[in-house]
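Quick notes on the structure that follows.
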């Protein structure tokens, strides 16, 4: 093999589904590995809702948008196949923002060596963006206390499923909002959630009232959409809302309005948006919180595997349709 | 005089202006002052937007609603005219939740003796609910830093005018939203605000952009209404929003929706509602923060005086029309 494949972003999404016209598939010559560098063969790429933000032209987002004509940004894991760098040996596993490409030549900056003897899928599902995001949002903003009630939207998703399991481990009552009966069944029977709402088929107000008789203390928002208004209306005094994702609204040219703020005062609510890049310095403490629960078997996950680099393009639309079952990972 | 007048709340507001049908004017026999009690003759009653919350049936609000058939709740100041209590002498000035009545027989619980040699109007305008609310919201939620930009709605109101002056004293750029050119003139030329927006006549987006070229770091929300969406859209990364009042929405049966939450994530905003009863324990620290600025002459105020107990009823509607010029006080 003398060339490898990469996918560049060449246009910004305008709302609506992600299509192939936004990308360009390119074949590049295999690079030579100069002094101080090493070459990674990526094995697994993570698809995350945060990528919609990275594709958008909004310069006010938490990290700069992907420049047009450059490789699409994504996190992933791979193996070192050639090294001229003292810190990385052939065979080492490395994780970080590897992008939509088969090979990466790097000096190692911003990348981490994977030490834990865990499968690639587990690392990308729990110890990468999803698990860190869940841990940061739940503990720093949600401030969970045993006996409280937490509702999480996108509950079968990569972040939401970990949020709910962490909250259960902390002694909370946990209700998840999902988009199919299969997902409802999974979060209740496999993950141990106390209840589930199928936002596509349930009467939201009725079902929510039934499942949260003592009101809601913490809302972990991954989706936006109509459920938001109903949850907001049932928040308890001094409730906390962590805003992590608004996937239901990203594809809309004109996003839906949010709830009126009168309850903010009446119930002295705190609503806080967050994004992991602000907290990369806290990763050691986050892992310290998360790892014991994983080791105790309290954090289960499932992965939805797509095959081949190019499957990433249409794969992104699974976030809008809710068609993914578990953490989306592209296997190269 | 063998009787005195009081006003009871007898019905809950249903949206729309406050009318006399919600109240009952009663005449009561002057009480005798038993052991451990004292009698206050109220001289000045404060009218505050918080009173709409106290009248509403919502049991989830921060203090219980006023029970129907009992005296309407309000803060005020008065003089002790008869005492059988060792801690209060005839002539002492006392402040607290005195209610809509000419005389109050009390054991002193929840009331404070006024020590400062200041006029009653100044005490009710700065050292009572408005000043404490402004100080709590600005410092605990707004976390102002010199050089930042603050926008406050209801900027000529009792809370907003103090928020803006405190922020100016802390070295911020301060823009106020008001409902008349007279108020705009007052906050700029008398209080030292950097700019003013008349929400009734200005093009909100254009004027706001012009006055906040570096975006907005802190929003102190006293009103709700259309300005909210425009301010929200101009918030800077890590911006803070203190939600103190939503007066524009209280009279509406169906309150307007709020902004979509996508910017919460993109800019990692914090939106926090608060109400003073949660912070009564912090009053000494709040006064410690507030008093030096008052003594340095940095906190000016003006009062809008209504005459006579019954003027309180229709006086409340001035909050909706913005017809009040300064802190609303009923002189008895």
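Protein chains in written order, with my numbering: chain A, 6 to 337; chain B, 6 to 337.
Glycine included, every Cβ here is placed at the ideal spot set by N, Cα and C.
Point to revise | Length at least 4, wholly inside the region 131 to 205 of chain B: the alpha helix (DSSP H) runs in chain order | key: Listed in chain order, they are 134 to 141, 163 to 174 and 186 to 190.
Review point. Whose Cβ in chain A lies nearer than 8 Å to the Cβ of residue 273(B)?
Key: Neighbours of residue 273(B) on chain A, chain order: 67, 277, 278, 279, 280 and 283.
Point to revise | residue 237(A) - containing alpha helix (DSSP H), residue span | key: Taken as a continuous stretch (DSSP letters only), the alpha helix (DSSP H) holding residue 237(A) covers 232 to 238.
Review point. Can you tell me the Cα-Cα spacing of residue 56(B) and residue 68(B), whole angstroms?
Key: Rounded to whole angstroms, residue 56(B) to residue 68(B) spans 11 Å at the Cα level.
Review point. From 286(B), 183(B) and 35(B), pick the residue whose C-alpha is nearest to that of residue 156(B); which is it?
Key: If we check each option's Cα against that of residue 156(B), 183(B) comes out closest.
Point to revise | residue 161(B) burial status per 10 Å Cβ neighbour count (16 or more: buried) | key: Sixteen is the threshold: when 16 or more other Cβ atoms of the shown chains lie within 10 Å of the Cβ of residue 161(B), as they do, the residue is buried.
**Study point:** For residue 315(B), the first and last residue of its enclosing beta strand (DSSP E)
**Key:** Premise fails: residue 315(B) is in no beta strand (DSSP E) and is neither H nor E.
Check your understanding: Along the chain, where does the beta strand (DSSP E) that runs through residue 47(B) open and close?
Key -> 43 to 51 is the span of the beta strand (DSSP E), which, as asked, contains residue 47(B).
Exercise for review: Can you give me the Cβ contacts of residue 8(B) inside the same chain, cut-off strictly under 8 Å, excluding the 5 residues immediately before and after it?
Suggested key: Within the same chain, residue 8(B) has close Cβ partners 32, 33, 34 and 35.
Practice item. List the residues of chain A whose Cβ lies closer than 8 Å to the Cβ of residue 267(B), in chain order. Key: 229, 251, 254, 255 and 260, listed in chain order.
Practice item. Compare the beta carbon distance of residue 19(A) and residue 45(A) with 9 Å and say whether it is the shorter of the two. Key: No, these two residues do not count as a Cβ contact at 9 Å.
Check your understanding: residue 12(B): which of 337(B), 315(B) and 137(B) sits nearest, CA to CA?
Key -> Measuring from the Cα of residue 12(B), the nearest candidate turns out to be 315(B).
Practice item. Within 10 angstroms of the Cβ of residue 50(B), are there 16 or more other Cβ atoms? Answer buried if so, exposed if not. Key: By the Cβ neighbour-count rule, residue 50(B) is buried, with 16 or more other Cβ atoms within 10 Å of its own.
Practice item. Spatial neighbours of residue 125(B) within its chain, please: CB distance less than 7 Å, with the 5 preceding and 5 following residues excluded, ordered by chain position. Key: Excluding positions up to five away in sequence, the list reads 48, 49 and 82.
Practice item. Could you check the C-alpha separation between residue 241(B) and residue 271(B) for me, to the nearest Å? Key: Answer to the nearest angstrom: the Cα atoms are 10 Å apart.
Review point. Looking only at DSSP bridge pairs, what is residue 13(A) linked to?
Key: DSSP, once it has assigned bridges, lists 29(A) and 76(A) as partnering residue 13(A).
Exercise for review: State yes or no: is the C-beta of residue 317(B) within less than 9 Å of the C-beta of residue 105(B)?
Suggested key: Yes, Cβ-Cβ distance for residue 317(B) and residue 105(B) is below 9 Å.
Practice item. Scan the region 243 to 270 of chain B and note each continuous alpha helix (DSSP H) run of 4 residues or more that stays entirely inside, going in chain order. Key: Given a length threshold of 4 residues, the region 243 to 270 of chain B has no whole run of the alpha helix (DSSP H) inside it.
Review point. Thinking just about the alpha-carbon of each residue, which of 252(A), 200(A), 90(A) and 167(A) is nearest to the one in residue 227(A)?
Key: Minimum Cα-Cα distance from residue 227(A) among the listed residues 252(A), 200(A), 90(A) and 167(A) corresponds to 252(A).
Point to revise | Residue environment, residue 39(B), which counts as buried when at least 16 other CB atoms sit within 10 Å | key: By the 10 Å Cβ count, residue 39(B) comes out exposed.
Exercise for review: May I ask you to verify whether the region 140 to 153 of chain B touches the region 171 to 189 of chain B, counting CB pairs closer than 8 Å and requiring at least 3?
Suggested key: Counting C-beta pairs with one atom in each stretch, the region 140 to 153 of chain B and the region 171 to 189 of chain B have three or more that are closer than 8 Å, which means they touch.
Check your understanding: Looking only at DSSP bridge pairs, what is residue 224(A) linked to?
Key -> Bridge partners of residue 224(A): 156(A) and 246(A).
Review point. Can you name the start and end residues of the alpha helix (DSSP H) that residue 323(A) belongs to?
Key: In the DSSP assignment, residue 323(A) falls within the alpha helix (DSSP H) that extends over 323 to 326.
Review point. How many angstroms separate the CA atom of residue 213(A) from the CA atom of residue 202(A)?
Key: The straight-line gap from Cα to Cα measures roughly 7 Å.
Point to revise | Reduced DSSP category for residue 23(B) - H, G, I as helix; E, B as strand; rest coil | key: Coil at residue 23(B), not helix or strand.
Practice item. With DSSP collapsed to three states, give me the class of residue 85(B). Key: Judged by DSSP in its simplified three-state form, residue 85(B) adopts strand.
**Study point:** Within 9 Å, strictly: CB atoms of residue 244(A) and residue 267(A)
**Key:** In this structure, residue 267(A) does not lie closer than 9 Å to residue 244(A) by Cβ.
Check your understanding: Roughly how many angstroms separate the alpha carbons of residue 41(B) and residue 79(B), rounded to a whole number?
Key -> Taking the straight line from one Cα to the other gives about 24 Å.
**Study point:** In DSSP terms, what residue 335(B) is bridged to
**Key:** Paired residue(s): 50(B) and 311(B).
Check your understanding: Mind checking if residue 141(A) is an interface residue toward chain B, Cβ cutoff 9 Å exclusive?
Key -> Interface with chain B (9 Å Cβ-Cβ cutoff): residue 141(A) is excluded.
Point to revise | Integer Cβ distance of residue 116(B) from residue 101(B), believed to fall under 8 Å | key: With a Cβ gap of about 4 Å, residue 116(B) and residue 101(B) count as contacting.
Review point. Taking Cβ-Cβ distances shorter than 8 Å, what residues in chain A pair up with residue 264(B)?
Key: Listed along chain A are 262 and 263, each with a C-beta nearer than 8 Å to that of residue 264(B).
Review point. Which of helix, strand or coil does DSSP assign to residue 290(A)?
Key: Helix, per DSSP.
Check your understanding: Buried or exposed: where does residue 206(B) fall if 16 or more other Cβ atoms within 10 Å of its Cβ makes it buried?
Key -> Classification for residue 206(B): exposed.
Check your understanding: Does the pairing of the region 22 to 29 of chain B with the region 129 to 149 of chain B give three or more beta-carbon distances under 8 Å?
Key -> In the pairwise beta carbon analysis, the region 22 to 29 of chain B is classified as not touching the region 129 to 149 of chain B: fewer than three pairs are separated by under 8 Å.
Point to revise | Through-space distance from residue 59(B) to residue 143(A), alpha-carbon basis | key: Looking at the two C-alpha atoms, the distance is approximately 33 Å.
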